[in-house]
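In what follows, a structure is listed as C-alpha cells, so that the remarks can point back to it.
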Amino acid sequence: MARTIIVSNRLPVKVQRDSNGDLQYKSSEGGLATGLGSIYKDGDNVWVGWPGLYFKDKNKAQKAEVTEKLTSENMDPVYLSESEIKLFYEGFSNETLWPTFHYFNQYALYKKSYYDAYKKVNQKFCDAVLELANPDDTIWIHDYQLMLVPDMIRQKLPDASIGFFLHIPFPSFEVFRLLPWRRELLDGVLGSDLVGFHTYDDMRHFLSAVSRICFIGNQQGQITKDRRTIMIDSFPIGIDYDKYANSSAAPSTLSKEVKFRTSMGDQKLMLSIDRLDYSKGIAARLEIFDIFLSKYPEYQNKISLIMVVVPSRDTVEKYKNLKEEVDLLVGRINGKYGSMNWTPIHYFYRSFPLDDLSAFYRMADVALVTPMRDGMNLVCKEYVASKLDKKGVLILSEMAGASKELSEALIVNPNDKHQVVDAIYKALTMPVEEQEKHMAFMQKAIKKFDIHHWVKLFLDRLNSVKEQQKVMGTK
Ligand code: G6P
C-alpha cells in the first residue's frame, strides 16, 4: 500500500534522560511537530527523524529500547553523534541557516566544517529513506535542516514522488545570496516535484533566488530543470482546530482556569508564548510592556503579562545570551513596578501541558504575538481557536506569516514599539461586540483551513504534479 514518508530533523517525540539517566519521552516543541503531530499515525505512514539525544557505545541497550518503542509508533529514528549534533544541528542548521533565513544575518557563521557535516547528515537521512521507500510511496521532506535531501533521493530514485516544505521564512535574494553554499542548497531543494512555503512572499523570494543563482525562470511558479517540471507554491499551514477548541472546553482546563484566576485576582491579563528564540522578539516585547506601564500608569496594578518561554537550543551561544537578557529584563521590570500584591510579569521558563496552555488562552484578554520574523506562528491561531466565548484581542506582528491570513487582528510592526504600546491600549479598551466580531471572523478562517486541509492540499497537489509530468513526459 502507498504510504507517506514524512522526513524531518526532529521527530514529533523527543527522548530525554532524566537525572538518573532513565529515558523520558516528551512531545517536541515547534510548529512542525505540533502541526503534523496528529497526522503521521494514519495508516502505514511513517516519520523519519532524530529523537533528540545521542548514545555512547556503552548505551547500546538503551538505544535498542528507543528504536523499538519509536518503531512501534510509526517512527523511524535517525541517530546523530555528539559531533554531528554540534556541527550539523547547532552549527549549520541553527548558527548559519536559521539566522540567515530570519534576517539576522549578522548572527550567521559561515564555516566549512558546519557545511560538511550538514551534507553528511543529509546523506544519512537520505539513506534512511532509501531503506524504507517503495516505488509508490510519497516522500515529504520538511524544513531547513534537510534542504539537500530531495536531490540526494532523486539521484537514486528518479521517479519518486518528492515534496519539500519550508516551515521558516525564505529570505529575499539579497540576504540568501550571502550564503557561500547558496547554489548547493537550491539544487538540493529542486530535487523535489513540489516545493511549498507558508506565504506568497517566501515563494516569490525563492523563485527570485532560483532565477538569479541557477538562471532558471518560472511560469506561474512552474520551473523546468533537467527536463523535469517542478511546482513552487504557497500553502499556509493550519492547526488542529478541534483539538484546541475541545481542550478549551475540557473540565480539566476549566478547573485549572479557576485555580489560576483565584491566585491572580481580578486584573487584565496579557499572554505571550514562544520558544526561546531571538526571532520571536521576546526582549523587545518586554521593553514594550515597560513603556506601556509608564505611558498608561492607570494600568499599573491592573494588568499582568503571563510570559511563557519554552527552552530551546540552549547549547547555542546566541540562545544562551538571550536567556540571560530576558531574565534581566523581567527582573528589572518587576523590580521597577511591582508591589506587595502585584507582579507585572509572570515569567515561566518551561513548557506546559495542553490543559495549562488552554487555561492561559482562555484567561488572556490580549495575546501579544510580536515576532521579529516568523514563518507562520501557530500560537496566534491556537489562541483564536481556544476563545470559545469570542472575547479577547490578538495583537500580531506583520512579520509573522500568519498576519497574511489574520487581518482582523491588530497588526503591528514589532520594531515600532510605540505603535505596539498603543495597540495594547486599544486592545484593552476595545468594546466587547468588536472583539467578538473580529474573533468570529478569524475562527471561521482557521477552522476551515485547518491542519487536515493543509496536508490534503499539499499531497493532492503533489499527486497532480506527478500526473502532469507523466502526461507531458517531463518527469
Ligand atoms: C521551528 C522549526 C522546526 C524545529 C522547531 C524546534 O519550528 O521550523 O524545524 O523543529 O523550531 O526547534 P528544534 O531546534 O528544537 O528542533
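Using the numbering used here, you'd call the opening residue of the sequence shown number -16 and step up by one each time.
We put the CB at the ideal spot given by N, CA and C, even for glycine.
| Query | Result |
| --- | --- |
| Give the range of the alpha helix (DSSP H) segment to which MET455 is assigned. | 434 to 455 |
| Check whether the stretch 358 to 366 and the stretch 140 to 154 are in contact - that is, three or more C-beta pairs closer than 8 Å. | yes |
| Kindly examine the ligand G6P and report whether one of its heavy atoms sits closer than 7 Å to the Cβ of SER295. | yes |
| Does the structure place the stretch 172 to 187 close enough to the stretch 40 to 58 that three or more beta carbon pairs sit under 8 Å? | no |
| Nearest to MET290 by alpha carbon, out of ILE196, ASP310 and GLU388? | ASP310 |
| Under 7 Å from any heavy atom of the ligand G6P, does the C-beta of GLU114 make it? | no |
| Considering just the uninterrupted stretch of the alpha helix (DSSP H) at PRO60, what are its terminal residues? | Where PRO60 is concerned, there is no enclosing alpha helix (DSSP H), although the beta strand (DSSP E) it sits in stretches over 58 to 60. |
| Give me the Cα-Cα distance between ASN317 and ASP249, rounded to the nearest whole angstrom. | 19 Å |
| Using the beta-carbon count (16 or more within 10 Å), is ASN304 buried or exposed? | exposed |
| Taking ALA423 as the reference, give the member of ALA368, TRP437, VAL454 and GLN203 with the closest Cα. | ALA368 |
| Between the stretch 61 to 80 and the stretch 89 to 98, do at least 3 Cβ pairs fall closer than 8 Å? | yes |
| Measure the CB-CB distance between GLN418 and GLY375 and report whether it falls below 8 Å. | yes |
| For LYS449, collect the residues of the same chain with a Cβ closer than 7 Å to its Cβ; drop the 5 residues on either side in sequence, then sort them by chain order. | SER144 and ASP176 |
| Please go through the same chain and pick out, in chain order, the residues whose beta-carbon is closer than 6 Å to the beta-carbon of ALA228, but skip the five residues on each side of it. | ALA368 |
| Could you check the C-alpha separation between GLY264 and PRO397 for me, to the nearest Å? | 8 Å |
| So who's on the other strand from ARG0, going by DSSP bridges? | LEU6 |
| Please determine if the stretch 377 to 396 and the stretch 231 to 242 are in contact, where contact requires at least 3 C-beta pairs separated by less than 8 Å. | no |
| Helix, strand or coil for TRP123, going by three-state DSSP, please let me know. | strand |
| Would you mind sorting GLU388 into buried or exposed? The rule is 16 or more other CB atoms within 10 Å of its CB. | buried |
| Can you tell me whether ALA383 is helix, strand or coil according to DSSP? | strand |
| Along the chain, which unbroken stretches of the beta strand (DSSP E) at least 3 residues long are found entirely within the stretch 143 to 191? | 144 to 148 and 177 to 180 |
| By Cβ distance below 6 Å, which residues in the same chain neighbour TYR101 in space, the five residues on each side in sequence not counted? | PHE71 and PHE75 |
| What is the DSSP secondary structure of LYS370, reduced to helix, strand or coil? | coil |
| According to DSSP, is LYS251 part of a helix, a strand, or is it coil? | strand |
| Would you check if the stretch 435 to 448 and the stretch -5 to 8 touch, i.e. whether three or more CB-CB distances between them fall below 8 Å? | no |
| Going along the chain, which residues of its own chain have a beta-carbon closer than 7 Å to the beta-carbon of TRP437, five neighbours each way excluded? | PHE218, ILE220 and GLY221 |
| Hey, is GLY4 close to the ligand G6P, as in C-beta under 7 Å from one of its heavy atoms? | no |
| Does the separation of the CB atoms of ALA232 and LEU371 fall below 8 Å? | yes |
| Could you give the distance in angstroms between the alpha-carbon of ASP1 and the alpha-carbon of VAL292? | 21 Å |
| With DSSP run on the structure shown, which of helix, strand or coil describes SER55? | helix |
| Which residue marks the beginning of the alpha helix (DSSP H) containing ASN317, and which one marks its end? | 300 to 320 |
| May I have the straight-line CA-CA distance separating ILE213 from THR121, to the nearest angstrom? | 15 Å |
| Does the beta-carbon of GLU67 have 16 or more other beta-carbons within 10 angstroms, so that it is buried, or is it exposed? | buried |
| Confirm the yes/no value for this check: CB of ASN(-8), any heavy atom of the ligand G6P, distance under 7 Å. | yes |
| Tell me whether the stretch 126 to 141 and the stretch 164 to 180 touch, counting them as touching only if at least three CB pairs, one residue from each stretch, are closer than 8 Å. | yes |
| Give a single yes or no on whether GLY13 has its beta carbon closer than 7 Å to a heavy atom of the ligand G6P. | yes |
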